[in-house]
Structure formats: C-alpha cells, structure tokens
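**Student:** Protein sequence lines correspond, in order, to chains A and B.
For any residue, its number in our numbering is found by taking its place in the first sequence, counting from 1, and adding 1.
So that you can map any letter, position 381 of the second sequence is 372 in our numbering, and since no number is skipped, the others follow by simple counting.
Here it is: the structure, laid out below.
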Amino acid sequence: MDARESSGSASAQKATRDIYLPPERRKISGGDTTHISAKEFSIYYGEFEAVKRVSADILSKYVTAIIGPSGCGKSTFLRSINRMNDLIPSCHTTGALLFDGQDIYGKFTDEVLLRKKVGMVFQKPNPFPKSIFDNIAYGPRLHGVNDKKKLMEIVERSLKKAAIWDEVCDRLDKNALGLSGGQQQRICVARTLAVEPEVLLLDEPTSALDPKATAKIEDLIQELRGSYTIMIVTHNMQQASRVSDSTMFFYEGVLVEHASTAQLFTNPKDPMTEDYITGRFS
Amino acid sequence: MNIGTRKILDRSFTAVGIGSIIVMAIALMIVVLPIITNGIGAVFFTGTVEHRKMLFSEFKRGDSEGLSSEVASSERYRSKVYDMLTGFETELETMAPEKKVEYKAKYAQVRAALQALLGPLPGDSAPMLTRFKYGQTRWEKSEEKLHDLLYESKWDNSNPDVMSKEYFVSRAIGFQGTSLVKLFPYVKDNLEKMLLPEFTVYWGFITDSSVDSHFFGGIWPEIQGTFFLAVGAMLFAFPLGVVAAVYFTEYARPGFLNSMLRSANSTLAGVPSIVFGMFGLAFFINTLKVSESKSVIAGALTLAIMILPTIIRAAEEAILAVPKTYREASLSLGSTKWNTIATVILPAALPGILTGGVISLGRAAGETAPIIFTAAVSVGSAIGLADVFSSPTPALSWNIYNLASEHEAASQIRHVQYGMVLALVSIVLMLNLSAIVLRARISKKLKG
Ligand SMILES: Nc1ncnc2c1ncn2[C@@H]1O[C@H](COP(=O)(O)OP(=O)(O)OP(=O)(O)O)[C@@H](O)[C@H]1O
Ligand SMILES: [Mg+2]
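Written out as structure tokens, the structure reads:
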C-alpha cells in the first residue's frame, strides 16, 4: 500500500477531522493529517484474535483515548503501533497498520527506527536502575549523541517538558528508583520525549499513581497536545473526557465506536458505548 | 487456629531455626578452629637456632654476626655432647666383642636421635638431602625428638587378645655403667641452650619457595599456582558462560535442541570432578595438544569446563530475574536487542552473574581432581607468566592432598599442610568476601 492511498484524499481527511473533533478543540495547526491508520487490522495471539479487523484513522498532534472493559484488546492495539508485541512470539497480525503511510508490519520496516518515532510510556513506571541523568540520556546516547553539553541540554529540555525539572534538577546523578511513583512516571515520559518521537503511546499511565500525581500527568498531556500525536489507554472515563480529543471504544477486540470525545461521551451512537460509559457494565 | 497454638507454632519454629544454626556454627568451629590454630603455627612458632641457620644458608636471610655468635654459644653446649660421643666410641673399642655388638646397635639409635635433634654430628659425612643438614628447626618438634632420644619405644604384645600397646623404656638404663649414661640428663637439661628457642614470625612461609619438598621454606609456588589456575579458568569460563547464558535466555528458540542443550548443561554441573580431570587429559593434552604434558593452561581449561555449567546457570537465572519492564523500556526507546542486552539487561543482572562467578572461582581454586592429570606437580618453583603454556605448577589443593597422603615424611611437616589449608581457606574466603562487597555495592547503585 502506498502513502497516497492510506492518507486518503484531502477531502476525506477533512471529513475524518470533522467527525472526530469538536469545534472548540480544532485549533491545532498541522493537526489535519492522518498519522496512524488501521485498515482491517487484526492481532492474534496464536489462534486467538485479540483485536478484530479494526479500521481507524488517528490524526496527527491530537490526543486519542482508548477505552473499553478489561481484556478487550486496548493494550494489544496500542502496543502493536510500536511493535512491542514482537516480544510475544505467538503474536501476529493481518490487515494493515500504517504509520505516515508506511506499513508498520511491512517486510522492510525497521522496528528500531519505528520505535524511535513512536515512544511509549507504560502502566507501571519503569525507569532504569540508573541515575536520573542516565535515564533521560539513554535514548539520545543510543542515537549517537555523546557530547556531554548537548546531552545536558536534551536532559534539561526533556525534564522541563515533562514538568519534573524543578523537582529533580539538583539530584540528576541520583538513582531514578529513589523517586516517588508519580515522579518516576514523569521521568519515564521525559525519557521518551528525549528521543524526540512523533507519537506518544501511554498505556494506563496513571493507574499506579495517586490523584495528585495523576493530575500532573494529565496536565502534562495537555502541555504536549499539539506537539505530539498522543494515544492514551485509560479505564478512567473522566480522564478520557478531560484529556482527549477523540475516543475509541473497544469491546472484545472490536472497535465499536470512534468519535470525538465530546460526542462519544454526550451522544454515543452505539448502545453498547452508552452502556459502558454510563457504567452499566465494565 | 487459635492464637495460643499459633504463638506456640511460631516460637517452636524460631527455636528449631536457632537450634540448627547453633549446631551448624559448632560444626563449623570444630572444622575451622584446628585449621586456624595449626595453620597459624606455620608462620608463628618457636624457632630454634637451626631454623635461623637454615634461613641464612638456604635463603640468605638473617644477620650473619648475630647468627655466628648464636651458633658459637650453642656449640659450647653441644661440644660436651660430641665429647661424650667420642668418649663412648673409644670405650666401645675396649669392650668384649658380644657387648660391643649389643652396644653398637643401641648407640646407632642414640646417634640417629641426636642427629634429628642437633643436625649432623662430627664425623658424619655431608648429608645429601637438605632436611638432614639441620637439626630441629621447631621447638615443639625438638621436644618430641628429645623424647625419642631419652626413651626407646617398645611394643607389648604379650596378651594376644588385646591390641599390642606401645610403652617406653629409658635408654639411659641400657647404657648403665658406661660413660654415655651421663649424656641423657645432659641433653635434657641443656637442650634449650643447644637449640636457643625463640619466638619466630616467618612470613616467608607465604612468600618463599619450598626447600627439599616442603621440609623447609614456604608455599608461594602453591599459592601462585592456585591463583593462576583459578584466574585462568575464570578468564575462559566467565565470558563464555555469560555469552552462553545470553544465548539461552535471549536468542535460543524454544524447541528440542534448546531443551537438550539445557539438560546437558544441568547434567554437566553434576558430573564428578575427577571425570573432568580425565577429560582434560584426554581432550586438552592428548587430542588438542595445548601443551606437551601437564601445564597451567591445560589445568585452567579443564577447570573452566568444570565450572562453566555453574556460571551459565547462575547467569541465566540472573538474566531471567531482570524485570521485563526494563527490556520493554529500552526497546521502546529505539534500542536494538543487542544494545538492550548490553546496556540494560547485563548491568541489572551483574550482581547475580558475579555471585555465580565467584562461587565458581572458589570452586576452581579448591578442586583437586581436575588438575591431578592436567596441571599439578607436588614440588616445583613458582613459574613465570610466560611459562603457563608449557609448565605444570604446584597448587594448594593438590599439595594438601599430597602432603597428607603421599609425602614420605608427612608426619614431620604437618604444620606446612595446615598452613596450606589455612591459605586455601583464606583465599576462598577472601574471594567470597570481596564478591559480597562488590555485589552489595552494585546492588546499592542499582537500587539508588
Ligand atoms: N501474551 C499474550 N498471550 C496470549 N493472549 C494474550 C496475551 N496478552 C494478552 N492476551 C489476551 O488478549 C486479550 C487482550 O488483552 P489486552 O492486554 O490487550 O487487554 P486490555 O484491554 O489491555 O486489558 P486491561 O484493561 O486489563 O489492560 C485478552 O483476552 C488477553 O487475555
Ligand atoms: Mg492493558
């Protein structure tokens, strides 16, 4: 599949955008191209189809939330975008998942390069058992930055972006595992930002955090909105409606509804979505 | 379960736990205390003038003036002994033939006992073996030798129903009526003046080579040999083992071949060490011909093969214990698999890998069987680093066995054997201690 076909014509794109975004949120420049696009995309664990023939377009620089009951395939879908599922030997896919028009599961796709562009923050904060500085500098070093001054610049910029610079600037050489859970999670965000990705995948980034730390991460997502394409998996409906522009609702591997967050939460088209967001099942 | 029963259960578990620890500690004490007390005797002991003579002529150590004045003062007392001997020899000539034969045999025994105490007597030809060039160098041994001089050992087997018993007869009685009878009380009273015992600290035990197969001197060649063998084995086995563990945990596809390899590895870990010794001889020396005959390199390779399974297993477990989240984090940042292993997995697994390594190092240092046919000799000098490819070496483990069982005068040099045991135990202990410290430091760095 080539790039033109995947991103569709300009008018089709505009249509997608109009569906997904409420007018008051439609103010991001450059936020009108399809960044990630799934076409009849299925993910299997062996014989088991965990994500079923999903088709969806995800717009550049907006925040997309993924909700759905436990085990419905949210993480599986999210992890397929940066090919973290490669770690599971039984996992394979059919259909197409395109990133900038390139098939992520194409034969010639370099998954290492892809992951550089598609960063991920995990449910449980997972800083390396290294100093804060080394944690943030890990990615840049990997990609060839070795100059101490330049690294310092990147570290400072990333920590500031992740809104944790003030809390750690005087102890960059201390082990990151000595920080609180909320701080660790923001370190992980900063670590991902230091690689300068285009996409940020967040898999329940606040489920291990207290409300205060959660609020900080949510603020952070608002900060980053407009600079990165962000996808966030969450079980917290309020969180989804607070931080996202569009929302995808999954149920048993099927993408039931994908619409602008405002619409999905106020006026869901599918009765199943309504049941879920009103808490009739979970 | 009610609270009373629960408490009793808890208490009894505590009691049993403490009890078993105490039993173990006592057992350890029983093993270790004699090693320490006897082993220390190899360095700290009461040495005689003979020891100082030996040091001076064999190792060129000590001050010659002090020594000659000491020798002069001891000779003053010894010359009386020599005079008594010549006196008796003249007396012997004048005796009736049967008496002469009887006394001659007894006299030879006295002379031998005196030689053991004081070294060569006037009129003796120069001895070939160094051990006969000197009298007793250690005071506690001279007291034993004095007993040999004063008493003749006899065996009482008059009663066939019980084991024969040793008993002692004073030699002086046998010489009643001759001039030699004065010799026994004289030696007894003046032994100290003839041997000049003095508290001695002989650090050379650690740094000297041995003289006359461990009769005198130290155990440096053994210490060095042990070090070469153990470190050599590590140099081969550690990198190989870690690489193999990385392969097993990160690259190998699960399947028949993989499970075969793993069970082969586990089996190898349980093979008796003597089998490795035979294998080393057959493979490294006879087939690969890494050296003409026994050599340090052949021994180190054999030990390496022996400890490899342990290292692989420890490294595998350490790698598997690294949280999956580290791997995910690294890969999600655009790291390659190899880079993730090198910069995240291995550093995080390092404490566990090191622990396995040091346990193996201790084992390599202590094993005897694998080096019997491949590297060890009973006596030898310290070899240079360049000789490891061609020369065999003495080593502590082998020489402890050798001194305990095969040495022709094992009972004479127990202190050397104990000294070696202590040295080996200390080396292994030091290795383990440094590993614990290293491990603690790395873990602390990892934990923050
Ligand atoms: N490694 C795996 N092997 C086999 N099946 C898996 C694997 N991981 C997940 N699954 C299955 O795939 C389905 C989707 O799992 P996934 O983790 O994506 O759910 P989720 O929506 O993220 O759930 P949660 O909200 O609990 O995180 C589940 O039925 C799960 O059992
Ligand atoms: Mg999940």
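Backbone N, C-alpha and C define an ideal beta-carbon position, used for all residues, glycine too.
From a predicted model like this one, the values you see are computed outputs, not experimental measurements.
Is the separation between the beta-carbon of Gln279(A) and that of Ala260(A) shorter than 8 Å?
**Tutor:** Reading off the sequence, residue 279(A) comes out as Thr, not Gln. No.
**Student:** With a floor of 4 residues, list each alpha helix (DSSP H) that falls wholly inside the region 195 to 264 of chain B, ordered by position along the chain.
**Tutor:** For the region 195 to 264 of chain B, whole alpha helix (DSSP H) runs of length 4 or above, ordered along the chain, are 195 to 198, 211 to 237, 247 to 260.
**Student:** Can you tell me whether Gly232(B) is buried or exposed, with buried defined as 16 or more other CB within 10 angstroms of its CB?
**Tutor:** Buried: at least 16 other Cβ atoms inside 10 Å.
**Student:** Compute the beta-carbon to beta-carbon distance between Leu220(B) and Gly114(B), rounded to the nearest angstrom, for a pair I have assumed lies under 8 Å.
**Tutor:** In fact, because the Cβ distance is near 47 Å, the residues do not count as touching under 8 Å.
**Student:** With burial defined as no fewer than 16 other Cβ atoms inside 10 Å of the residue's Cβ, what is the status of Trp130(B): buried or exposed?
**Tutor:** Buried, since its Cβ has 16 or more Cβ neighbours within 10 Å.
**Student:** Go through its chain and collect everything with a Cβ distance to His36(A)'s Cβ below 6 Å, but skip five positions before and after it.
**Tutor:** Around His36(A): Ile59, Ser61, Thr230.
**Student:** Within 10 angstroms of its Cβ, does Ala241(A) collect 16 or more other Cβ (buried), or is it exposed?
**Tutor:** So Ala241(A) counts as buried.
**Student:** Return yes when at least one heavy atom of ligand 2 lies under 7 Å from the C-beta of Val52(A), else no.
**Tutor:** Incorrect: Val52(A) has no Cβ contact closer than 7 Å to ligand 2.
**Student:** Assign Cys286(A) to one of three DSSP states: helix, strand, or coil.
**Tutor:** There is simply no residue 286(A) to check, as chain A begins at 2 and stops at 283 in what is shown.
**Student:** What is the DSSP secondary structure of Arg84(A), counted as helix, strand or coil?
**Tutor:** Of the three classes helix, strand and coil, the one that applies to Arg84(A) here is coil, per DSSP.
**Student:** Mind checking whether the beta-carbon of Lys117(A) lies closer than 7 Å to any heavy atom of ligand 2?
**Tutor:** Lys117(A) Cβ: outside cutoff for every heavy atom of ligand 2.
**Student:** Opposite Ala66(A) in the DSSP bridges: which residues?
**Tutor:** Paired residue(s): Ile233(A), Thr248(A).
**Student:** Classify Glu213(B): buried if its beta carbon has 16 or more other beta carbons within 10 angstroms, exposed otherwise.
**Tutor:** By the 10 Å Cβ count, Glu213(B) comes out buried.
**Student:** Quick check on Gln445(B): does DSSP put it in helix, strand or coil?
**Tutor:** Absent from the structure is residue 445(B), since the part of chain B shown begins at -8 and ends at 439.
**Student:** Would you say Glu95(A) touches ligand 1, meaning its beta carbon is less than 7 Å from a heavy atom?
**Tutor:** Per the sequence shown, residue 95(A) should be read as Thr rather than Glu. Result no, Cβ not under 7 Å from ligand 1.
**Student:** Residues of chain A with CB under 8 Å from Leu324(B), in chain order?
**Tutor:** Ordered by position in chain A, the residues that pass the 8 Å Cβ test against Leu324(B) are Arg116, Lys117, Gly120, Tyr139, Gly140, Leu143, Arg192, Thr193, Val196.
**Student:** Can you tell me whether Thr95(A) is buried or exposed? The criterion is at least 16 other CB atoms within 10 Å of its CB, across all chains shown.
**Tutor:** It is exposed - the Cβ of Thr95(A) has fewer than 16 other Cβ atoms within 10 Å.
**Student:** Quick one: residues in its chain with C-beta nearer than 6 Å to the C-beta of Val55(A), no 5 flanking neighbours on either side, listed in chain order?
**Tutor:** Ala39, Phe42, Leu256.
**Student:** Is Ser10(A) buried or exposed, if buried means 16 or more other CB atoms sit within 10 Å of its CB?
**Tutor:** Confidence at Ser10(A) is low in this model, with a pLDDT of 48, below 50, so the placement of that residue should be treated as unreliable; the coordinate-derived value is given next. Looking at its Cβ environment, which holds fewer than 16 other Cβ atoms inside 10 Å, Ser10(A) is exposed.
**Student:** Return the Cβ separation of Gly347(B) and Thr301(B) in integer angstroms, given the expectation that the two are a contact with Cβ distance under 8 Å.
**Tutor:** Rounded, the Cβ-Cβ distance is 6 Å, consistent with contact.
**Student:** What did DSSP end up calling Lys53(A) once you bin it into helix, strand or coil?
**Tutor:** Of the three classes helix, strand and coil, the one that applies to Lys53(A) here is strand, per DSSP.
**Student:** What are the start and end residues of the beta strand (DSSP E) that includes Leu98(A)?
**Tutor:** From DSSP, the beta strand (DSSP E) with Leu98(A) extends over 92 to 100.
**Student:** What residue range does the alpha helix (DSSP H) around Val113(A) cover?
**Tutor:** Val113(A) -> alpha helix (DSSP H) spans 112 to 118.
**Student:** Look up Gly168(B) in the DSSP assignment and say whether it is helix, strand or coil.
**Tutor:** In the structure shown, Gly168(B) sits in coil (DSSP, three-state: anything other than H, G, I, E or B).
**Student:** Buried or exposed for Pro230(B), please, with buried defined as at least 16 other CB atoms from any protein chain shown within 10 angstroms of its CB.
**Tutor:** Label assigned to Pro230(B): exposed.
**Student:** What number of angstroms, rounded off, separates the C-alpha of Met238(A) from the C-alpha of Gly72(A)?
**Tutor:** So the alpha carbons of these two residues sit roughly 17 Å apart.
**Student:** May I ask you to report which of helix, strand or coil DSSP gives Asp3(A)?
**Tutor:** Here the model assigns Asp3(A) a pLDDT of 41, short of 50, so the residue's position is not dependable and the matter cannot be decided.
**Student:** Answer yes or no: does any C-beta atom of chain B fall closer than 8 Å to that of Phe129(A)?
**Tutor:** Cβ-Cβ to chain B under 8 Å: yes for Phe129(A).
**Student:** Taking Cβ-Cβ distances shorter than 7 Å, what residues in chain A pair up with Tyr317(B)?
**Tutor:** Correct list: Asn127, Phe129.
**Student:** Just how far apart, CA to CA, sit Gly126(B) and Glu397(B)?
**Tutor:** One C-alpha to the other measures close to 24 Å.
**Student:** Tell whether a beta-carbon distance below 8 Å holds between Asn256(B) and Arg304(B).
**Tutor:** Closer than 8 Å, so yes.
**Student:** For Ile433(B), report the span of its alpha helix (DSSP H) as first-last.
**Tutor:** Unbroken alpha helix (DSSP H) run through Ile433(B): 405 to 438.
**Student:** Please state the DSSP three-state secondary structure of Asp148(A).
**Tutor:** Correct three-state label for Asp148(A): coil.
**Student:** With a cut-off of 7 Å, give the chain-ordered residues whose Cβ is closer than this to any heavy atom of ligand 2.
**Tutor:** The filter returns Lys75(A), Ser76(A), Gln124(A), Asp204(A), Glu205(A), Val234(A), in chain order.
**Student:** Taking 8 Å as the cut-off, does the region 207 to 214 of chain A touch the region 165 to 182 of chain A (at least 3 CB pairs, one atom from each stretch)?
**Tutor:** Touching, yes.
**Student:** For chain A, is any of its Cβ atoms less than 8 Å away from the one on Asn256(B)?
**Tutor:** Chain A contact via Cβ: absent.
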